[in-house]
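Quick notes on the structure that follows.
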Amino acid sequence: MTALEISERERLLLGAALRSDAGAAIGDWEGWASQIALEDAPYPELRLLTAVYANLSRVAPSYELPRKLKGKARATFIQNHLFAQASVPVIEELAKQCPVIIAKGLAMCARFDSWSARSMGDVDIHVPFSGLAAAAQLLVRDGWLPKYGMTLDSLVNRAAHRRDSWNFTKGAGDIDLHWRATSGTSESWLTQSMWDSAEQHVCYGRKVLLQSPEFAAATIIAHGFKYGTHGDAMQTIIDAGALLPICKAELLLPLVQRFGLLPCMQQLLTIMEDVGQSQPVSHLAAPVAEAAKPQPTEPTASPAIPRTTRFPPETPLLSHPLAYRLWESRGRKPRLERLLLRALGPFSKPLAPSQSFTDDYDLRDCNVIDRIGGPGWGWPEPEHTCFWTDRADARLLIPLQRIGDHVLLFSSAEKWSPNPGVDVFVNGSHATRIEVGGRLSELLHTIVVPKGLLFGPWVELSFRPSPYRGTGAETPEDYAFMRSLPARRLQVLEVADINALFSRQHIPDVHLKILTGEEPYASQFARIKAKVESSPFRGHADLPAGFDPYRYVLLYADLLAAEIDPYEHYIAHGKKENRNWR
């Protein structure tokens, strides 16, 4: 764990927000205010201002604070209540079909009535893993949508085994739906402990479950000190100032140990002492110090901790799970793979398969991955930049119009990847290797699919990082090593069509520019495609049999530049001008 570095200004703000002595709290506030204007404060410090206002209003009610500080507290109060009003009714509905625990920000507000002192970016709730599918479906029925284009199928069958939570939004509301307490070897023990120790509280007149103070403290320390930002760590110190004094050492310590938080806990207690809070947490100092002492080299054996498999086989995404596991157990041999694919068909079973042929796939789109993706794909990125492959074998099942020679163009995004290279297999035969190295530029990779490799009107691609650094991954920190290819786009071309396009010299370079996404040609062609699909002249009696609108446009540079409707143009002008369309 990297030690948390706190600046002098941050230490003053923490003191102003936590000290119970009015003079000391005011002194820290004035020391901070003398160094920087409110408008210039960085975000980690801005997050603490509402806690400062709440504490000074309590310990020094006659002290005059800036009106802007009061305004920020009022805005936080309103924002928090809007989040709660949007989420509590659906939480009550969820609780009718499975247990629900409220955590983090809303739990702090409900437990300590701190609606103006602690801002929250979303509402965190926990449901059991077994209740995830039903909970997600209920949220969607109530109008809540998974963020970033995530689909329910992908959430339940992909993301659930890779992540601990996902956000759903509805209007101004934002719910972070959690289905596990943590990852790692203590996952089952900690999850059971969270549910066994949950406490009942009242929020907006409704009975709700909150994490126990001890579990809430362990959760926020893990979030702030291990996984979150510097601003999250600052907020964690404020929250700990409220939670730790009511925690029982004998209940908190086992959780801290199971979460792997002893170094974090030691550092937190040191910070609390530094900002004048040693007395409220004095009952924890000795037990934590004792637990942190070096353990005997041969400790007494303890029973194994049962746990769920962090990254289990993606059985719902496999047509033949037993055959796939056999192939994996034999070292993913290409020859065995070809025999199995020829005999049984593709391994992949997409979540929402489509038999219709498409020549262009936007792999950043979760719906597209559901249509053609097999095992080995992660989740949609927030910035809509890519969709990562993250297993030792990631697959795509592509339907084809006919059995014949094809060329596939695979585009990757500019992202850092820990895996140095990825071998690409076509129906079990090695086709090419994509050298990833350190940082990828957005690249176009060509994958040749000869007719002789096809077992039907489909092709199954397999992306296999070699070597693969994700073996044995257990925790969120390990997951970064599992990612290999940041996929963006896949185009499917028949060799016969490519030959026809490039054999003509009317527009020598434009075909390649369109295929590689070069602007403005790619956008011009995309707009022409949209016109073709919606043209009222499609099927017109004056069109010759077999008229190909795309070939007509690509034969003439002026037609492409003008972004015409090929059907309309040929009827009105092309026929008279004796323009070629073959």
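Residue numbering for the sequence shown follows the numbering used here, starting at 1161 and increasing by one per position. Beta carbons: idealized from backbone N, C-alpha and C, even for Gly.
Using a threshold of 8 Å, state whether the C-beta atoms of residue 1526 and residue 1274 are closer than that. Here residue 1526 refers to the residue found at position 366 when the sequence shown is read from its first residue. Here residue 1274 refers to the residue found at position 114 when the sequence shown is read from its first residue. If you check the CB distance, residue 1526 and residue 1274 do not come in under 8 Å.
Which term fits residue 1242, buried or exposed, when burial requires 16 or more other beta carbons within 10 angstroms of its beta carbon? In the sequence shown, the residue the question calls residue 1242 occupies position 82. Residue 1242 should be labelled exposed.
Just to confirm, is the Cβ distance from residue 1346 to residue 1338 under 8 Å? In the sequence shown, counting from the first residue as 1, residue 1346 sits at position 186. In the sequence shown, counting from the first residue as 1, residue 1338 sits at position 178. Against a cut-off of 8 Å, the Cβ pair of residue 1338 and residue 1346 comes out as no contact.
Go to residue 1743, then tell me how far its beta strand (DSSP E) extends in each direction, as first and last residue. Here the chain has residues from 1161 to 1742 only, and residue 1743 is not among them.
Residue from 1524, 1334, 1491, 1483 whose Cα sits closest to the Cα of residue 1506: Taking the first residue of the sequence shown as 1, we reach residue 1506 at position 346. Of 1524, 1334, 1491, 1483, the residue nearest in Cα terms is 1483.
Of the residues 1228, 1535, 1380, which one's Cα is nearest the Cα of residue 1624? Sequence index remark: in the sequence shown, residue 1624 carries index 464 (1-based). Here the closest residue by C-alpha is 1535.
Just to confirm, are residue 1299 and residue 1328 a CB contact at a threshold of 8 Å? Position 139 of the sequence shown, counted from the start, is the residue given in the question as residue 1299. Position 168 of the sequence shown, counted from the start, is the residue given in the question as residue 1328. Yes; because the gap between Cβ atoms is below 8 Å, this pair is in contact.
By DSSP's criteria, residue 1603 is part of a beta bridge. Which residues make up the other side? For the purposes of this step, residue 1603 is taken as residue 443 along the sequence shown, with counting starting at 1. Paired residues: 1572.
Which listed residue (1277, 1730, 1688) has its alpha carbon closest to that of residue 1699: In the sequence shown, residue 1699 corresponds to position 539, counting from 1. Closest option to residue 1699, Cα to Cα, is 1730.
What three-state label does DSSP hand residue 1723 in the structure shown? In the sequence shown, the residue the question calls residue 1723 occupies position 563. Residue state, collapsed to three classes: coil.
With distances taken between CB atoms, is the gap from residue 1539 to residue 1323 smaller than 8 Å? For the purposes of this step, residue 1539 is taken as the residue at position 379 of the sequence shown. For the purposes of this step, residue 1323 is taken as the residue at position 163 of the sequence shown. Yes, Cβ-Cβ distance for residue 1539 and residue 1323 is below 8 Å.
Can you tell me which of 1523, 1360, 1561 puts its alpha carbon nearest to the alpha carbon of residue 1515? By one-based count along the sequence shown, residue 1515 stands at place 355. Residue 1561 is the option with its Cα nearest to residue 1515.
Three or more C-beta pairs closer than 8 Å, one from the segment 1256-1270 and one from the segment 1376-1386: is that the case here? yes
Reference residue 1352, options 1649, 1656, 1375, closest by Cα: Sequence index remark: in the sequence shown, residue 1352 carries index 192 (1-based). Closest option to residue 1352, Cα to Cα, is 1375.
Buried versus exposed, by CB contacts within 10 Å (16 or more), residue 1570: Taking the first residue of the sequence shown as position 1, residue 1570 is located at position 410. Buried, by the Cβ-count rule.
Start and end of the beta strand (DSSP E) containing residue 1227? Looking up residue 1227 in the sequence shown gives position 67. Premise fails: residue 1227 lies in the alpha helix (DSSP H), 1227-1255, not in any beta strand (DSSP E).
Collapsed DSSP secondary structure at residue 1361 in the structure displayed: Start at 1 with the first residue of the sequence shown, and residue 1361 comes out as number 201. If DSSP states are grouped into helix, strand and coil, residue 1361 belongs with the strands.
Distance, Cα to Cα, residue 1564 vs residue 1654? Position 404 of the sequence shown, counted from the first residue, corresponds to residue 1564. Position 494 of the sequence shown, counted from the first residue, corresponds to residue 1654. If you take the alpha carbons of residue 1564 and residue 1654, they lie about 7 Å apart.
Would a C-beta distance cut-off of 8 Å place residue 1546 and residue 1647 closer than the cut-off? Within the sequence shown, numbered from 1, the residue matching residue 1546 stands at position 386. Within the sequence shown, numbered from 1, the residue matching residue 1647 stands at position 487. Going by C-beta atoms, residue 1546 is nearer than 8 Å to residue 1647.
Please give the ranges of any beta strand (DSSP E) in the segment 1311-1381, keeping only runs that are unbroken, at least 3 residues long and fully inside the region. 1325-1330, 1333-1338, 1359-1363, 1366-1370
State the beta-bridge partners of residue 1671 as determined by DSSP. For the purposes of this step, residue 1671 is taken as the residue at position 511 of the sequence shown. Its beta-bridge partners do not exist; DSSP assigns none.
Can you tell me the Cβ-Cβ gap for residue 1741 and residue 1712, rounded? I've got them flagged as a contact below 8 Å. Looking up residue 1741 in the sequence shown gives position 581. Looking up residue 1712 in the sequence shown gives position 552. Rounded, the Cβ-Cβ distance is 4 Å, consistent with contact.
Determine the DSSP secondary structure at residue 1562, reduced to helix, strand or coil. On the sequence shown, position 402 is the one that residue 1562 refers to. If DSSP states are grouped into helix, strand and coil, residue 1562 belongs with coil.
Buried or exposed: which applies to residue 1555, given that a residue is buried once 16 or more other Cβ atoms fall within 10 Å of its Cβ? As a working note, residue 1555 is residue 395 in the sequence shown. It is buried - the Cβ of residue 1555 has at least 16 other Cβ atoms within 10 Å.
What span of residues does the beta strand (DSSP E) with residue 1433 cover, start to end? Here residue 1433 corresponds to residue number 273 of the sequence shown, with the count starting at 1. Per DSSP, residue 1433 belongs to no beta strand (DSSP E); it is in the alpha helix (DSSP H), 1422-1434.
Buried or exposed: where does residue 1544 fall if 16 or more other Cβ atoms within 10 Å of its Cβ makes it buried? Position 384 of the sequence shown, counting from 1, holds the residue named residue 1544. It counts as exposed.
On the DSSP bridge list, what partners appear for residue 1619? For the purposes of this step, residue 1619 is identified with residue 459 of the sequence shown, where counting begins at 1. Beta-bridge partners of residue 1619 (DSSP): 1558.
Put residue 1204 into one of helix, strand or coil per three-state DSSP. The residue given as residue 1204 occupies position 44 in the sequence shown. If DSSP states are grouped into helix, strand and coil, residue 1204 belongs with the helices.
Do residue 1568 and residue 1618 have their C-beta atoms closer together than 8 Å? Numbered from its first residue, the sequence shown carries residue 1568 at position 408. Numbered from its first residue, the sequence shown carries residue 1618 at position 458. Cβ atoms of residue 1568 and residue 1618: not closer than 8 Å.
Continuous alpha helix (DSSP H) stretch holding residue 1188: start and end: Start at 1 with the first residue of the sequence shown, and residue 1188 comes out as number 28. Start and end: 1182-1193.
Spatial neighbours of residue 1769 within its chain, please: C-beta separation below 7 Å, excluding the five flanking residues on both sides. There is simply no residue 1769 to check, as the chain begins at 1161 and stops at 1742 in what is shown.
Taking the CB atoms as reference points, tell me whether residue 1178 and residue 1209 lie closer together than 8 Å. Along the sequence shown, one-based indexing puts residue 1178 at 18. Along the sequence shown, one-based indexing puts residue 1209 at 49. No, these two residues do not count as a Cβ contact at 8 Å.
Suppose contacts are defined by Cβ-Cβ distances below 8 Å. Is residue 1170 in contact with residue 1226 by that definition? Taking the sequence shown and counting its residues from 1, the one referred to as residue 1170 is at position 10. Taking the sequence shown and counting its residues from 1, the one referred to as residue 1226 is at position 66. No; because the gap between Cβ atoms is not below 8 Å, this pair is not in contact.
Can you tell which of 1727, 1721, 1490 has its C-alpha closest to the C-alpha of residue 1706? The residue labelled residue 1706 in the question sits at position 546 within the sequence shown. The shortest Cα separation from residue 1706 among 1727, 1721, 1490 belongs to 1727.
For residue 1696 and residue 1674, what's the separation of their Cα atoms in angstroms? Taking the first residue of the sequence shown as position 1, residue 1696 is located at position 536. Taking the first residue of the sequence shown as position 1, residue 1674 is located at position 514. Cα to Cα, the separation comes out at about 25 Å.
What did DSSP end up calling residue 1539 once you bin it into helix, strand or coil? One-based indexing of the sequence shown puts residue 1539 at position 379. Residue 1539 falls in the strand class under three-state DSSP.
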